[in-house]
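Asker: These protein sequences, in sequence, are chains A and B. Going letter by letter, the first sequence gives residues 1 to 320 in our numbering. Going letter by letter, the second sequence gives residues 1001 to 1427 in our numbering.
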Amino acid sequence: MTQHPALPLYPHRHLLGIKGLSPQDIELLLDRADRAVAISRQPEKKTSSLRGRTQINLFFEASTRTQSSFELAGKRLGADVMNMAVASSSVKKGETLIDTAMTLNAMRPDILIIRHGSAGAAALLAQKVGCSVVNAGDGAHEHPTQALLDALTIRRAKGRIARLTVAICGDVLHSRVARSNIILLNALGARVRVVAPSTLLPAGIARMGVEVHRSMAEGLAGADVVMMLRLQRERMAGALVPSVREYFRYFGLDAEKLACAAEGALVMHPGPMNRGVEIASEIADGPQSVIEEQVEMGVAVRMAVMEALLDPRRNRDEAA
Amino acid sequence: MITAFTNARVVDPSRGLDEPGTVIVDGAVIAAAGAEARNQGLPEGAKTVDCGGHVVMPGLVDARVFVSEPGAEHRETIASASAAAAAGGVTSIVMMPDTDPVIDDVSLVEFVLRTARDTAMVNVWPAAAVTRRLDGREITEFGLLRQAGAVALTDGRRTIANALVMRRALTYARDFGIVLAHHTHDVDLASSGVMNEGLFASWLGLPGIPREAEVIPLERDLYLARLTEGAYHAAAISTALSANAVARAKNDRADVTAAVTVNHLSLNELDIGEYRTFFRLSPPLRAEEDRLAMVEAVRDGTIDMIVSSHDPQDVDTKRLPFADAADGAIGLETLLAAALRLHHNGEVPLLRLAELLSSAPARRFGLPGGRLAPGAPADLIVVDLDAPWIVRENDISSKSKNTAFEGARMQGRVLQTMVAGRTVFAA
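#1: Based on Cα-Cα distance, which residue from L1060/B, A1152/B, P1043/B and D1018/B lies nearest to G1053/B?
#2: According to DSSP, is Y1172/B part of a helix, a strand, or is it coil?
#3: So if DSSP puts P1377/B in a beta bridge, which residue, or which two residues, is it bridged to?
#4: Would you verify that the beta carbon of A119/A is, or is not, closer than 7 angstroms to some beta carbon of chain B?
#5: With a threshold of 7 angstroms between beta-carbons, can Y1275/B be considered close to chain A, or not?
#6: Does D1290/B come within less than 7 angstroms of chain A when only Cβ atoms are used?
#7: Is T153/A helix, strand or coil by DSSP?
#8: Who are the Cβ neighbours of S1266/B in its own chain at under 7 angstroms, not counting the five residues just before and after it?
#9: Leaving aside the five residues before and after I291/A along the sequence, list all residues of the same chain whose C-beta is less than 8 angstroms from its C-beta, in chain order.
#10: Taking only three categories from DSSP, how would you classify P1361/B?
#11: Report the CB separation of L1222/B from A1254/B in whole angstroms; it is logged as a contact under 8 angstroms.
#12: Put V1094/B into one of helix, strand or coil per three-state DSSP.
#13: Classify E1269/B as buried or exposed, calling it buried when 16 or more other Cβ atoms lie within 10 Å of its own Cβ.
#14: Helix, strand or coil for R174/A? Go by DSSP, reduced to three states.
#15: Go ahead and pull the three-state DSSP assignment for G1034/B.
#16: Do the region 292-311 of chain A and the region 1006-1018 of chain B meet, that is, are 3 or more Cβ pairs less than 8 angstroms apart?
#17: May I have the straight-line CA-CA distance separating A1169/B from A1046/B, to the nearest angstrom?
#18: Using a Cβ-Cβ cutoff of less than 8 angstroms, which residues in the same chain neighbour G1136/B once the five nearest sequence positions on both sides are dropped?
#19: Where does H1343/B fall in DSSP's three states?
#20: Is A203/A close to chain B? Criterion is C-beta to C-beta, closer than 7 angstroms.
#21: Figure out for me which residue from E1229/B, L1227/B, I1237/B and A1084/B has the closest Cα to the Cα of R1211/B.
#22: What are the boundary residues of the alpha helix (DSSP H) that includes T1228/B?
#23: Could you give the C-beta distance for A1404/B and F1279/B, rounded to a whole number, given that I count them as a contact under 8 angstroms?
#24: Name the chain B residues that come within less than 7 angstroms of N196/A, Cβ to Cβ?
#25: Nearest CA to the CA of A1116/B: which residue from L1199/B, A1387/B and S1080/B?
#26: If distances are taken between C-alpha atoms only, which option among S215/A, D224/A, N186/A and A187/A comes closest to S198/A?
#27: DSSP puts F1425/B in a beta bridge; with which residues?
#28: May I ask you to list, following chain order, the residues of the region 1309-1328 of chain B that have a beta carbon less than 8 angstroms from some beta carbon of chain A?
#29: Who pairs with T332/A in a beta bridge, going by DSSP?
#30: Are the beta-carbon atoms belonging to L1350/B and H1344/B less than 7 angstroms from one another?
#31: Using a Cβ-Cβ distance cut-off of 7 angstroms, determine whether G130/A contacts chain B.
#32: Between the Cα of T1302/B and those of Q1040/B, R1174/B, S1242/B and E1333/B, spot the shortest distance and give me the residue it belongs to.
#33: For K128/A, report the span of its beta strand (DSSP E) as first-last.
#34: Run through the region 1248-1328 of chain B for me and flag every whole alpha helix (DSSP H) of 4 or more residues, listed as ranges in chain order.
#35: Are the C-beta atoms of L148/A and some chain B residue less than 7 angstroms apart?
#36: Determine, for E1212/B, whether the minimum Cβ-Cβ distance to residues of chain A falls below 7 angstroms.
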């Protein structure tokens, strides 16, 4: 994977969101990720393209899955990876995001992966540090590597993204995954729908480049891809939805609702799933589900992103 | 000593005056101002200041200023706020009671007045809390606070949620002839919101504050003002809905006034850009159509005064992710220049702006400044309406630097500020 002069230089230093990326930028990352999938499927999975580079995973919110995916991606590229479980340490002592960032910056990492509960945290960090920053989820703002891995999964299964109909279902209001996907899918020419109760839709949703549906039967009609979002159980307390039972009845993906979608429609979920809340077990484990592929594509996309951001050709340019 | 400001454009909103003339200051008071003063000729031995055609107007009266002393003197002290005020042409400030401890007791009012007397360059008028510790439940000693020198009652940044407490406070305040100023923000409806609700907030992934969170408690207050006949002041409105509510209450002859911050006249939610926390304000910056509605409400008289809502915040409260940062921006030094944008673009005439910034707030809160009439205190400013300048962090006198106008191009600045006949700032 190290020697691919055919791939153009990726033009950005950070990956803070899908917003601001051109369709070419996105396709470039997906092309790189395709190659990374091949590496992960070899018995010998380690390459040397990031050998000697330091990657720090800075997770202010616990996320075993995303953090492991970034860690594995870094290790397969040969980077030295350090995990900072900030959620349990210095933040409690009153240290701010910026203080933590400055401390880590002084350790001269090459790339920082940040997950934080506040929108804009990754952008704030990027202003203060000297290395590349990857947003691994900031509040309800963006989660760009999730959208990229979703796109890669779709592209590999369907051969394209343009002109596909993608239904994003569930808690769009609190979902960074939904925002990143809406932007990315629109950029690549898909038709995007959202399906949710109105209490779980953000203000102005109809002007965010989507068709809005309040019924699964309508929203899923003829859809090529069904993306389910996780419903946080805390939402029940906030008077957004009254109960799991009612939510599942109207918005949970079961066989009956999935039958409204196009034949062979993909079923996706960013994980972790609440079985019996937003998705029925038999659908999650059924033949149309690509949920496990998404996890595999996650590692590949993160390898592609880090390799693109730390492209050695860029350092040569900067030095010159 | 007698000083004569000659060759001036004299603007005195208290008398509807905007004319070439002279302003004569005798000791601490105005002796004469206007064309009339010029025609009288100069008194014997007067020191003459040739204004070169620049404006002489009353010093600004800012009815909403957060100071941080006592309790957070690293952000701002009464002395540093007054220096910022002098530099901005503000000669009187009404100081909000959200300090630590809260100004809810006679001894605290006395502390502010004493500290101001000893350290401040401008007039500092304390506003006292409506409720003890700003808890929204138990009212303070309005009579004693008034007597000690509090010029208004307000819970500052806080909203009194309980309608019964508000009714009783308005009723009781009426007996003492004191105005109750209130910032309306329904914390339940606003929930975790940090900026104006709408498409822009949705893309940023930030929880929004609906306009209704402001207007619902405001409407409640306005009905209570009608009911109690108390004197009510909407401390900082930001939406067309609120302006309409105030206009209806005024039409019903309720004793109601309203203010808007200069931020809400000159900025909108898009200025937040990529999570710029200096633009995180309360009320939040709204959409452009709301800003235009505020300008219109200033023009048609629905809004009575413009305030800075000066609110010093430090890096420890601002250098954070947007949702975790504190609300507020400083504004004493940019109040006049930002307001003058409305004059320069032809939206509001200078005389009306001067009224909104000086005579109207002075009249509402019973303060002696805000006018150039003979016998008034010599609180005045000389202003070059056209001087261009750029707001730079290093030039700010305030201890805190959280301005919403960093790098902004301004037109119009204060050349000289005089308080009670004494020059406290000269450019």
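For every residue, glycine included, the Cβ atom is placed at its ideal position computed from N, Cα and C.
Answerer: Reading it off the structure:
#1: What you label residue 1053/B is simply residue 53 of the second sequence in a count that begins at 1. Looking at the Cα atoms, D1018/B is the closest of the given residues.
#2: Within the second sequence, the letter at position 172 stands for residue 1172/B. Helix at Y1172/B.
#3: Numbered from 1 along the second sequence, position 377 holds the residue referred to as residue 1377/B. P1377/B is bridged to V1029/B.
#4: Reading the first sequence from its first residue, position 119 is the one you call residue 119/A. Output row for A119/A: interface = yes.
#5: If you number the second sequence from 1, residue 1275/B lands on position 275. So, interface residue.
#6: The residue you call residue 1290/B lines up with position 290 of the second sequence. No, because no Cβ of chain A sits closer than 7 angstroms to the Cβ of D1290/B.
#7: The count along the first sequence starts at 1 and reaches residue 153/A at position 153. Three-state DSSP puts T153/A in a helix.
#8: Position 266 of the second sequence, counted from the first residue, corresponds to residue 1266/B. Correct list, in chain order: A1338 and R1341.
#9: Indexing the first sequence from 1 puts residue 291/A at position 291. Only V267, M268, H269, G271, M273 and A284 meet the Cβ criterion.
#10: Walking along the second sequence from the start, residue 1361/B turns up at place 361. Three-state result, P1361/B: helix.
#11: Position 222 of the second sequence, counted from the start, is the residue given in the question as residue 1222/B. Position 254 of the second sequence, counted from the start, is the residue given in the question as residue 1254/B. 6 angstroms between Cβ atoms; contact.
#12: Taking the first residue of the second sequence as position 1, residue 1094/B is located at position 94. It is a strand residue.
#13: Within the second sequence, numbered from 1, the residue matching residue 1269/B stands at position 269. That one is buried.
#14: Counted from its first residue, the first sequence places residue 174/A at position 174. Position check: residue 174/A holds His in this sequence, whereas Arg was assumed. Three-state DSSP puts H174/A in coil, outside helix and strand.
#15: Along the second sequence, one-based indexing puts residue 1034/B at 34. Looking at G1034/B - three-state DSSP - the assignment turns out to be strand.
#16: no
#17: Here the question's residue 1169/B lines up with position 169 in the second sequence. Here the question's residue 1046/B lines up with position 46 in the second sequence. Their Cα atoms are separated by approximately 50 angstroms.
#18: In the second sequence, residue 1136/B corresponds to position 136, counting from 1. Within the same chain, G1136/B has close Cβ partners D1155, R1158, T1159, I1160, A1161, N1162 and V1165.
#19: As a working mapping, residue 1343/B is identified with position 343 in the second sequence. If DSSP states are grouped into helix, strand and coil, H1343/B belongs with the helices.
#20: On the first sequence, position 203 is the one that residue 203/A refers to. Taking Cβ atoms only, chain B reaches closer than 7 angstroms to A203/A, which makes this a yes.
#21: Translated into positions along the second sequence, residue 1211/B becomes position 211. Checked all of E1229/B, L1227/B, I1237/B and A1084/B; the closest Cα to R1211/B is I1237/B.
#22: Taking the second sequence and counting its residues from 1, one reaches residue 1228/B at position 228. Unbroken alpha helix (DSSP H) run through T1228/B: E1212 to T1228.
#23: For the purposes of this step, residue 1404/B is taken as the residue at position 404 of the second sequence. For the purposes of this step, residue 1279/B is taken as the residue at position 279 of the second sequence. Confirmed, Cβ separation roughly 6 angstroms.
#24: On the first sequence, residue 196/A is found 196 positions in, with the first residue counted as 1. Note that residue 196/A corresponds to Ala in the displayed sequence, not to Asn. Chain B residues near A196/A: none, gap ~13 angstroms exceeds 7 angstroms.
#25: Looking up residue 1116/B in the second sequence gives position 116. Checking every option, the nearest Cα to that of A1116/B belongs to S1080/B.
#26: Position 198 of the first sequence, counting from 1, holds the residue named residue 198/A. Closest option to S198/A, Cα to Cα, is S215/A.
#27: On the second sequence, position 425 is the one that residue 1425/B refers to. DSSP output for F1425/B lists T1417/B as bridge partner(s).
#28: D1316, R1319, L1320, P1321, F1322, A1323 and D1324
#29: The structure shown does not extend to residue 332/A, since chain A is modelled only from 1 to 320, so the question has no answer here.
#30: Position 350 of the second sequence, counted from the start, is the residue given in the question as residue 1350/B. Position 344 of the second sequence, counted from the start, is the residue given in the question as residue 1344/B. Contact: no.
#31: As a position in the first sequence, residue 130/A is number 130, starting the count at 1. Taking Cβ atoms only, chain B never reaches closer than 7 angstroms to G130/A, which makes this a no.
#32: Counting from 1 along the second sequence, the entry for residue 1302/B is found at position 302. Looking at the Cα atoms, S1242/B is the closest of the given residues.
#33: Along the first sequence, one-based indexing puts residue 128/A at 128. Note, K128/A: premise wrong, no beta strand (DSSP E); alpha helix (DSSP H) at A121 to K128.
#34: 1262-1266, 1288-1299 and 1315-1318
#35: As a position in the first sequence, residue 148/A is number 148, starting the count at 1. With 7 angstroms as the cut-off, L148/A does not count as an interface residue toward chain B.
#36: On the second sequence, residue 1212/B is found 212 positions in, with the first residue counted as 1. Chain A contact via Cβ: absent.
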